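Trainee: Residues in the sequence shown are numbered from 59 upward in steps of one, following this note's numbering. For each residue, glycine too, the CB sits at the ideal point set by N, CA and C. Note that the coordinates shown come from a computational prediction; the quantities given were computed from them, not determined experimentally.
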Amino acid sequence: MNVEFVKFLDNHDNLLEASEMNGRNEDYTVQENNVPDTYRDRIMKWNGWGYADSSFVIRNYANAVLTGNRYNLSGQTLPYLIKYMEEKLGVAIDIQTPSIRYEDLIIPTLLVLVPNFFSFSISFVTYNRPYLVHDIANLRNGTVGRIPDIIVWPKNEEEVMTIIDGAKKFDVVIIPIGGGTSVTAALECPSEEARSICSLDMTLMDAIIYIDDKNLLCRAQVMLV
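1) Measuring CB atoms only, is the segment 270 to 278 touching the segment 238 to 253, in the sense that at least three cross pairs come out at less than 8 Å?
2) Secondary structure at I225, three-state DSSP: helix, strand or coil?
3) Nearest to G106 by CA position, among G148, I194 and A252, is which residue?
4) Using only alpha-carbon positions, find the residue among R253, S257, I255 and F228 that is nearest to K65.
5) Restricting to Cα atoms, I'd like to know which of Y160, I205, L190 and N121 is closest to S254.
6) From I116 to V123, what does the alpha carbon distance come to, in whole angstroms?
7) Give every residue of the same chain whose Cβ lies closer than 6 Å to the Cβ of M263, excluding the five residues on either side of it in the sequence, and list them in chain order.
8) Note down, in chain order, each residue of its chain lying with its Cβ closer than 8 Å to the Cβ of I140, except the 5 sequence neighbours on either side.
9) Hey, G200 and I153: beta-carbon distance below 9 Å or not?
10) Under the three-state reduction of DSSP, which class applies to R117: helix, strand or coil?
11) Straight-line CA distance for R100 to V218?
12) Can you name, in chain order, every residue of its own chain whose Cβ lies under 6 Å from the Cβ of P137, other than the five neighbours on each side?
13) Quick one: Cα of D259 to Cα of T96, how far?
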């Protein structure tokens, strides 16, 4: 954790009003400052794709049912799905590969150790994970790579620019995250990176700046949709 960077943010319009700081002492805990309750942590899977309440359940090795109520197929029996997966995809339904429990995750030792800044919370796992197949497989098997040292939730462009200025001044890496559906490994924290890594979450940037009625245009923040 780059302490000078944290102090910089804290001294500029309370940018640490919404943040999580990662560090390590004897045990993993977490230091939070008004961390927002976002959809990413509330309703999305931490160890897979999609919503936490939506999954395929196999009943009596005969039929599949989609749980939840978010889709048109939710709650319906899919009698041909198992046959399709076995014959076309080569998936063996009778072989179970359950995910590791969140409580059993082994967290990697941080590269920068600073007293009084501790962590570990679910955010730090989900914020460094792209949505690639091998990343999901690794996470379900308990393989956790480098994780961010701090997560911040700016609310506007000015706060973003302040964070960037601080990162440049104190040599901190910024990895921005929007919807999280990265398929290019852009969210992955490089294991060899010795500098502190700041995950800049744009979830709170969902406001409309202005509407141009004449030209039917608007300017909106990045997470409006």
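Mentor: According to the structure data:
1) no
2) Note on residue identity: the sequence assigns Ala, not Ile, to residue 225. Looking at A225 - three-state DSSP - the assignment turns out to be helix.
3) Across the set G148, I194 and A252, the C-alpha of I194 shows the shortest separation from the C-alpha of G106.
4) F228
5) When each option's Cα is compared against that of S254, the closest is I205.
6) 7 Å
7) Q279, V280 and M281
8) I116, Y119, A120, N121, A122 and I151
9) No. Outside cutoff.
10) Correct three-state label for R117: strand.
11) In a straight line, the C-alpha of R100 is about 24 Å away from that of V218.
12) Apart from sequence neighbours up to five positions away, the residues of its chain that approach P137 with a beta-carbon distance below 6 Å are N121, ordered along the chain.
13) 10 Å
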